[in-house]
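When we follow our numbering, the leftmost residue of the sequence shown carries the number 490, and every step to the right adds one.
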Amino acid sequence: MEHPQERFRCPKLPLAVYREVAAHLQQIPGVAVELIPQQSQPFDYTQSQVDSLRIYYSADFDAGFQERVKGILNYYSQVYGN
Numbered sequence: 490m491e492h493p494q495e496r497f498r499c500p501k502l503p504l505a506v507y508r509e510v511a512a513h514l515q516q517i518p519g520v521a522v523e524l525i526p527q528q529s530q531p532f533d534y535t536q537s538q539v540d541s542l543r544i545y546y547s548a549d550f551d552a553g554f555q556e557r558v559k560g561i562l563n564y565y566s567q568v569y570g571n
């Protein structure tokens, strides 16, 4: 059985900020995050080095924490213009 997951993408978000988002999310119990590298050919220096974050929720993820996840993602979307 697959665990629920979602994707967060903000094309101009710098690598360091993607890592910051991942660090914030991973502080929430039951959340794991994977950085997905940019796949553009040739490499586009005007874009982020990261294509997106893949966010995984464990089988025992407390849905009560979902609002915290959404709050973090909404904050970065607003600040960096997703």
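Every residue gets a Cβ at the ideal spot worked out from N, C-alpha and C, and that includes glycine.
- In the structure shown, residue 508 falls within a helical segment according to DSSP collapsed to helix, strand and coil.
- Non-local beta-carbon contacts of residue 549 in its own chain, meaning distances under 8 Å to residues more than five positions away in sequence, involve 519 in chain order.
- Between the segment 543-558 and the segment 511-530, the count of Cβ pairs shorter than 8 Å is three or higher; the stretches touch.
- Pairing residue 498 with residue 533, the inter-Cα distance amounts to about 16 Å.
- If only uninterrupted beta strand (DSSP E) runs of at least 3 residues are considered, those enclosed by the segment 510-558 are 520-526 and 539-546.
- With at least 16 other beta carbons inside 10 angstroms of its own, residue 546 counts as buried.
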